[in-house]
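Since the structure comes first, as structure tokens, the remarks are kept for the end.
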Amino acid sequence: MAVQLDAPLAPQRRSFATAFLRGALVPLLAILTALLVGAIIIWFSAPADRGTRFEVVVAAYRGLFLGAFGGRQAIANTLVEATPYILAGLAVAVAFKCGLFNIGAEGQLFLGALAAATVGASQLGLPAIIHLPLALLAGALAGGIWAAIPGYLRARTGAHEVITTIMLNYIAFRLLDYLVTGPLKDPGASALRTPFVASAAQLPRFIGPLEDPGLTGGQTYRPLIVTADPEWNLRLHLGFAIAILAVWGIWWLLNRTTTGFEIRTVGANPEAARYAGMSITKNFVVAMALSGALAGLAGSGQVLGVEHNVKSLFSSGYGFDSIAIALLAKSNPIAIIPAAVFWGALNNGRGLMQAQTGISIELIRIVQALTIMFVAADQIVRWIYRIRRPIGDQVVFSRGWGK
Amino acid sequence: MQQQPTLEVREITKRFPGVLANDHISFTLMQGEIHAFLGENGAGKSTLMNILYGLYAPDEGEILINGQPVTIRNSADAIARGIGMVHQEFALVDTLTVAENIMLGTEITSGPLVDERRANERIAQLSQEYGLQVPPDALVQDLPVGVQQRVEILKALYRNAEMLILDEPTAVLTPQEAEDLFRVMRSLVERGKSIIFISHKLKEVLRIADRITVLRRGKVVGSANPRESTEQTLASMMVGRDVVLTVDKDAAQPGQAVLEVRDLVVLDDRHQVAVDGVSLDVRAGEVLGIAGVQGNGQTELVEAINGLRPVINGMVCIVGQNTSTAAPRAINELGVAYIPEDRKGTGLVLAYPIADNLVLSTYYRSPFAKGMRILANTIEEQARKLVKEFDIRTPSIWTSAGALSGGNQQKIIVAREFSRQIKLLVASQPTRGIDVGSIEFIHRSIIEQRDEGVAVLLVSAELDEVLALSDRIAVMYKGRILAVLPRAEASRDRLGLLMAGITEEPTHGRPA
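Sequences listed follow chains B and S, in order.
Going by this note's numbering, the first residue of the first sequence is number 1, and it counts up by one from there.
Going by this note's numbering, the first residue of the second sequence is number 1001, and it counts up by one from there.
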């Protein structure tokens, strides 16, 4: 007997690989379209002394590409740039999965950075194997607690997390300013910054020379693989591996655990979740705490792996860009990695593009904005490339106000 | 002389990957007639109508309007050719007024401004002419479903539709609202409009249609004249075999009370008293049916029993335990199965695959989870088993629930709730809007549960369903139980009076 089909599509079981590939089409086309529009802008703004307009377009994108991926150093720097985007993008994606819009990743990231810097700079005399995880944990905890507050408020009082996370952002910014200029300021430094983190609490680079006092303020600096070859002096640090591990962990949590099943169900249909006996309050708090912990980890990674202290004007913007990353990845944890690397590559490559063609680096912000616009308004991309929307293809981001 | 059909469809074929949705379908629609299309969900009715409305392009075949071959590329084409469609799910903007919704996209303008006065005049004239009363200034979100549907019909008439396609129009209506709709349909055809009426409710089709075409598995399997047909003949034609319309069951063997409700008071979403001092018992091995017009507190009663709505006063006891303040999961774990009335909004996560929906309330415990780890293999096994056992028609257990027909969606819920050991079943509108085959199956399943000693509380707005399944019938009116009758004493007339709030003798000091 022939089976009656209600839908022409027969989706396969979700696996690690298909989860990665499914739904990548529209974001990829969105990127392509944004780059094409970017090319048109370059065409019209090309400086007259750099050859024909076409040559400028080609040179600009060539510069962008080489700046991001042209060689060992460039690739390493792109990945360093991508690391906080992976963690913070993951943070926003986890909240989206539960139907929550965490705009507060920036504030959570700040507080995570501050907590990691404080613990990291404490002279505890601990070995790195303990001190480093402790500093990371402090960062994750600070971000997690900061984000759990709006989660609880949303579940219990209905206060919308978009409002509360934005408000908590401002509190976090001012708190950081106060602490960095006051109680947590490095007394031995004239600049407004926290003390350098102890070498035992630093995220080591994968490979490079033994010491680089110029970068670390006189601290000993120990990469995992020591080499004197300047070609191999790469900034890529252990934080990248932690970010990749976090991606796998979140994918596993969301797809293979009861906690993840609950978070996704509450996000997809809170009514059904309640009917099935799940606690909305618990899941809102868990998802937000998890989201904040990841954002806090992103901030910790920057402090312990790159900056080694927190400055008064620690204005990263990672937290806000991470919303774009999560949208581009359609909240899929695995897709966060390429989305973040793409973002990092644009940021890292734009310098060479400007140097070689005189095209302003602001063009890259335009391309980034267009990418997000095309992903968010995917109907435009579907219309341009004549793609039909598959049945059941709905990504839940945030729900409306109230309710 | 042969009259020329308003619409003629010749040999329409539409294929989807792996399925032949429409297989050489031909029919005609005459001016001033109601032509009903009957068929189970998945029979190809919706595909056919979407082709007529320009949403799908047919692979083969042609469409003629007033004898002229036409190509309908999109809905704008369809509207321009006088075809209007009212979908099952309305395309209205909740936060706009009725008048604004009707003129949306085809505003009468004077300069850059919308000429509301002229638009309102036209709406008033149309609603006068066809007996479609709507409050033009009310917001759509404040209107009952039946009135929203009238707005949809007016929208089509406003766009000069000559042919109206009504897709399962009564699925969302109360019996009274359905009566109103039929009256409107009659007045439409009397004034020369033609209607394609899609339904799977045999009674309605027999009552309202001038001609009936039955579809099965993408093919026209027959046409019928309503005056020469019975429900039985139509049902057999539709399903392709003889259908049992009544439910065979033995007398109940009631045991101890499993559900005891005492003086229960529950509020609705607007904080008004919806359940006003209800007391009832449901015993093991019996079906207690609650009859009543929708909106008389049944929903709130059922939600309170299942822990989804706070108990303000009184008590709910399940298997001897006071569950008045228990969480939904605790109640579920006492052995309570619940088929909610809103299967898409509450009972299922439409974006989830069938397999996940089948463990929606059991995912956290053995054998589906070990610690916090979900055991995908046992979930998959369970899904394969239940899909087979409950005849859920789907291409795969990984198909999302939202892609299935209503009947198959309901079977997922039934399969999930019946797949564990239960003592009490609360079934709310278990067969609303689903096809005959699925109704038959679900009714049989409910009676099987009863025969195994499960206590069943059935809430249904379909009096036929309550009568077919119940051993005792309670009538709910304005939050109160007016009477509880043994099945043998519950005639349709007596229940009908009670449902309208008319008791033979005063109850609780209320006037009769």
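Where is the CB? At the ideal position from N, CA and C, for every residue including glycine.
Using beta-carbon distances, B:Asn347 does not count as an interface residue toward chain S, since no partner is under 8 Å. Any Cβ of chain S closer than 8 Å to the Cβ of B:Gly277 would place that residue at the interface, and such an atom is present. Here B:Leu297 is actually not in contact with B:Gly120; their C-beta atoms are around 13 Å apart, not less than 8 Å. For B:Leu210, the closest of B:Ala228, B:Ala198, B:Thr194 and B:Ser199 by C-alpha to C-alpha distance is B:Ala228. Approximately 32 Å separates the beta-carbon atoms of S:Leu1181 and S:Arg1472; this is outside 8 Å, ruling out the contact. Distances from the alpha-carbon of B:Thr83 to those of B:Ile325, B:Leu352 and B:Ile384 put B:Ile325 closest. Annotation for B:Glu106: Asn169, Gly319 and Phe320 place their beta carbon closer than 6 Å to its own, counting only its chain and skipping 5 residues before and after. DSSP, read as helix, strand or coil, puts S:Ala1099 in helix. Neighbours of B:Arg256 in chain S, taken as residues whose beta carbon is under 8 Å from its own, are Arg1373, Ile1374 and Ala1376 in chain order. Distances from the alpha-carbon of S:Asp1023 to those of S:Ile1051, S:Gln1031, S:Leu1029 and S:Gln1148 put S:Ile1051 closest. Taking a Cβ-Cβ cut-off of 7 Å, the neighbours of S:Pro1340 in chain B comprise Tyr275, given in sequence order.
Under the Cβ distance rule, B:Phe261 counts among the residues neighbouring chain S, one pair being separated by less than 8 Å. CA-to-CA, the gap between B:Leu245 and S:Ala1076 works out to about 52 Å. Taking a Cβ-Cβ threshold of 7 Å, the residues of chain B close to S:Val1349 are Thr265, Ala268, Asn269 and Ala272, in chain order.
At a Cβ-Cβ threshold of 8 Å, S:Thr1346 and B:Glu271 count as neighbours.
The beta carbon of S:Ser1075 does not come within 8 Å of any beta carbon belonging to chain B, so the residue lies off that interface.
Taking all protein chains shown into account, S:Lys1411 has 16 or more neighbouring C-beta atoms within 10 Å of its C-beta and is therefore buried. B:Ser291: member of the alpha helix (DSSP H) spanning Ile280 to Gln302, first to last residue. Of all residues in the region 1263 to 1296 of chain S, none has a C-beta nearer than 8 Å to a C-beta of chain B. The residues Tyr318, Asp321, Ser322, Ile325, Ala340, Trp343 and Gly344, in chain order, have a CB closer than 7 Å to that of B:Tyr85 in the same chain once the five nearest residues on each side in sequence are set aside.
Taking a cut-off of 8 Å for Cβ pairs, the region 26 to 34 of chain B and the region 359 to 377 of chain B touch, as three or more such pairs fall below it. Residues of chain B whose Cβ lies closer than 9 Å to the Cβ of S:Pro1328 are, in chain order, Arg274, Tyr275, Ala276, Gly277 and Met278. In this structure, B:Val162 is the residue among B:Val162, B:Leu192 and B:Ser360 with its C-alpha nearest to the C-alpha of B:Phe101. Take B:Ile145, set aside five residues on each side of it, and the residues of its chain with a beta-carbon closer than 8 Å to its own are Ala289 and Gly292, in chain order. The closest CA to that of B:Ile336, considering only B:Ala148, B:Ile171, B:Leu87 and B:Val381, is found on B:Leu87. Spatial neighbours of S:Leu1029 in its own chain (CB-CB distance under 7 Å, excluding positions within 5 residues in sequence) are listed in chain order as Pro1005, Thr1006, Leu1007, His1035, Met1163, Ser1194 and Ile1196. B:Pro27 carries a helical assignment under DSSP once its states are collapsed to helix, strand and coil.
Residues of chain B whose Cβ lies closer than 7 Å to the Cβ of S:Asn1332 are, in chain order, Gly277. Identification of residues in the region 1357 to 1369 of chain S having a C-beta nearer than 8 Å to some C-beta of chain B yields Leu1360, Ser1361, Tyr1363, Tyr1364 and Ala1369, given in sequence order. Under the three-state reduction of DSSP output, S:Arg1073 falls in the coil class, being neither helix nor strand. In the three-state reduction of the DSSP assignment, S:Gln1068 falls in the strand class, which pools E and B. For S:Tyr1352, the residues of chain B that pass the 7 Å Cβ criterion are Ala268, in the order they occur in the chain.
Identification of chain B residues near S:Thr1170 by a Cβ-Cβ cut-off of 8 Å yields none; the smallest Cβ-Cβ distance measures about 21 Å. Taking a 10 Å sphere around the C-beta of S:Leu1113, we find fewer than 16 other C-beta atoms and assign the residue as exposed. Rounded to whole angstroms, S:Ile1063 and S:Gln1031 show a C-alpha spacing of 16 Å. Assigned with DSSP and collapsed to three states, S:Gly1277 falls in strand.
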